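See below for the structure under consideration.
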Amino acid sequence: VQLTLPEMNAEDITRLGAAFARCQALTHLDLSRNDNRGSGWLGVVAGCSTLSHLILEFNGFGTSDAGTVAQLLGQCPSLVHLNLRQTELGSDGMAALANAQVQILNIETLDLSRNYVFAGR
């Protein structure tokens, strides 16, 4: 499923959560290029135990949403491809992902490019 809509905001993403929570066959989900700040989008993928590919690139999550991303990893046991390219996670966000390392053991492809991590920050 590709839901790349620049007009989609956090409220729209939250509404999708109920529908996707019942989905037992979804393997690929593209939520890139939306305004998915906050934890609303977590409900969309939380019930998708079969989800193997998740694309969240170009969503300005920022450092404050890094914990939500780490929580997401624990709820997607089949996830092997995660694209977080240019999500503004920053250094603190990368640290949160590193602390979730036990939860990302199944990840084969992790794209964290263009998140501009700087030493000492």
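Under our numbering, the residue at position 4 of the sequence shown is numbered 195, and the numbers go up by one with no gaps. Beta carbons: idealized from backbone N, C-alpha and C, even for Gly. In this text the structure is predicted, and so the values were computed from the model without any measurement.
Residues near Asp283 in its chain [Cβ-Cβ closer than 7 Å; skip 5 each side]: For the purposes of this step, residue 283 is taken as the residue at position 92 of the sequence shown. Result list for Asp283: Thr254 and Ala257, in chain order.
Count the other C-beta atoms from every protein chain shown that fall within 10 angstroms of the C-beta of Glu202, then say buried if there are 16 or more, exposed otherwise. Taking the first residue of the sequence shown as 1, we reach residue 202 at position 11. Its Cβ having fewer than 16 others within 10 Å, Glu202 is exposed.
Could you check which residue in Val260, Gln266 and Leu270 has the C-alpha nearest to that of Glu279? As a position in the sequence shown, residue 279 is number 88, starting the count at 1. Out of Val260, Gln266 and Leu270, Val260 has the C-alpha closest to the C-alpha of Glu279.
Through-space distance from Asp221 to Gly251, alpha-carbon basis: What you label residue 251 is simply residue 60 of the sequence shown in a count that begins at 1. What you label residue 221 is simply residue 30 of the sequence shown in a count that begins at 1. Gly251 and Asp221: Cα-Cα distance of roughly 15 Å.
Could you check if Ala216 is buried or exposed, using at least 16 other CB atoms within 10 Å of its CB as the buried criterion? Reading the sequence shown from its first residue, position 25 is the one you call residue 216. Flag for Ala216 reads exposed.
Could you name the residues of the same chain whose beta carbon sits closer than 8 Å to that of Glu248, not counting the 5 residues immediately before and after it, in chain order? Numbered from its first residue, the sequence shown carries residue 248 at position 57. Within the same chain, Glu248 has close Cβ partners Ser223, Arg224, Asn274, Leu275, Arg276, Gln277, Thr278 and Asp302.
For Arg206, collect the residues of the same chain with a Cβ closer than 8 Å to its Cβ; drop the 5 residues on either side in sequence, then sort them by chain order. Residue mapping note: residue 206 aligns to position 15 of the sequence shown, counting from 1. So the list is empty, once near-sequence residues are dropped.
Grab me the residues of His219's own chain with a C-beta within less than 6 Å of its C-beta, minus the 5 sequence neighbours each way, in chain order. On the sequence shown, residue 219 is found 28 positions in, with the first residue counted as 1. Same-chain partners within the cutoff: His244.
Take Ile298 as the anchor and find which of Ala210, Cys267 and Ala286 has the nearest alpha-carbon. To locate residue 298, count along the sequence shown from 1; it is residue 107. When only C-alpha atoms are compared, the closest one is Cys267.
Counted within 10 angstroms of its Cβ, other Cβ atoms place Gly281 as buried (16 or more) or exposed: Your numbering for residue 281 matches position 90 in the sequence shown. Buried is the call here.
In angstroms with no decimal places, state the Cα-to-Cα distance between Val271 and Val236. Numbered from 1 along the sequence shown, position 80 holds the residue referred to as residue 271. Numbered from 1 along the sequence shown, position 45 holds the residue referred to as residue 236. In this structure, the straight-line span from the alpha carbon of Val271 to that of Val236 is close to 14 Å.
Output yes or no for whether 7 Å exceeds the beta carbon distance between Thr148 and Ser269. Coverage of the chain is limited to positions 192 through 312, which leaves residue 148 absent and any answer about it impossible.
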